[in-house]
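Below: the structure, in C-alpha cells.
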Amino acid sequence: MTEELKILGKKLVRYRKKYGLTLEDVGKVIGISKSHISKLENGNANPLFKTLLRIAKFMNVPVYYLFMPIEEMNHQNFVDRVKRRLEELEWDLEKLQELTRINYLCLVDMMEGNVTLTANEMEQIAEVLDLEMKSFQEMKLELFEDLLLEFGLNNSQISNIISYLKEHLK
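Note that UniProt numbering has the sequence shown beginning at 1, numbered continuously upward.
Pasting the structure below:
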C-alpha cells in the first residue's frame, strides 16, 4: 500500500462519514461495488483513472486533492490566496519581502511549493496582505478532527470534543 493510496482511503472515509453515507451509497454514485469502495478506503486497491475522476466529481474536488495530505492542502490553499492577493494589489515578491522582512528566496520557494513557511511567517504575510487566516490552533484542530475520524468516532462525538477543546483553549 502506497502513501497516496492511504491518503485517498482516509479522504474517502472522512467524506463518507461526514455525510453519513454507507459504502453502498458511495459505490452506487461512483459506479463500483461496496467491497471495492472498502478496499479503496483501506488502501488495498489501485483505482482506475475513470474511478478517480468519478470520486473527485462526487466529492466536488480536483483529482489532485484526493492524494494531497491535509497539511499540504492547508499550505497550498495559503499559497493560492497569497498569489491572488498579490495580483490584486499588483505587488511582486520584492514588495512582499520588503514589508515582511522574510527572505526573498524563502518567499520564492514558498510560492513554488518547495518550502513551507513557519506559522509565524505565514501570519506575517497574512497580516501584510490583509488576508483572513485560520490560526495555527484552528489548523491543528482540523488535523485532530481527521485523526478522530480515523479512530472511528462519529460526527457528533467529534463535534463535542472539538467544542470542548475550543472552549477550554481560549
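Glycine residues also receive a C-beta, built at the ideal position from the N, C-alpha and C atoms. Keep in mind it's a predicted model, so treat the numbers as computed, not measured.
Near residue i, which residues of its chain fall below 7 Å by C-beta distance, leaving aside the five closest residues on each side in sequence?
i	result
PRO62	ALA56
GLY31	ARG54
Is residue i near residue j, with beta carbons less than 8 Å apart?
i	j	result
ASN103	LYS18	no
THR100	GLN124	yes
GLY27	VAL79	no
VAL108	LEU93	yes
LYS11	LEU66	yes
GLY9	LEU40	yes
VAL29	PHE58	yes
GLY43	LEU5	yes
Thinking C-alpha only, which one of the options is nearest residue i?
i	options	result
residue 175	VAL128, THR116 and THR118	Residue coverage of the chain in this structure runs from 1 to 170, which leaves residue 175 outside it and unanswerable.
GLU145	THR2, TYR15 and THR118	TYR15
PHE49	SER35, SER38 and TYR64	TYR64
ASN46	ASP130, GLU88 and GLU3	GLU3
ASP130	ILE7, PRO69, ARG84 and ASN44	ARG84
MET68	ILE7, ASN120 and PHE151	ILE7
ARG81	GLU90, PHE151 and ALA126	ALA126
What distance in whole Å lies between the Cβ atoms of residue j and residue i, which are believed to be in contact at a cut-off of 8 Å?
i	j	result
LEU141	ILE158	LEU141 to ILE158, Cβ: 10 Å. No contact.
Taking 6 Å as the limit between beta carbons, can you name the residues of its chain near residue i, skipping five residues before and five after?
i	result
LYS34	LEU23, GLU24 and GLY27
MET110	LEU117
residue 195	Here the chain has residues from 1 to 170 only, and residue 195 is not among them.
LEU148	ILE158
VAL115	ASP109
Kindly list the residues whose CB is nearer than 8 Å to the CB of residue i, restricted to its own chain and excluding five residues on each side of it in sequence; keep chain order.
i	result
LYS166	LEU141
LEU153	ILE161
PHE151	none
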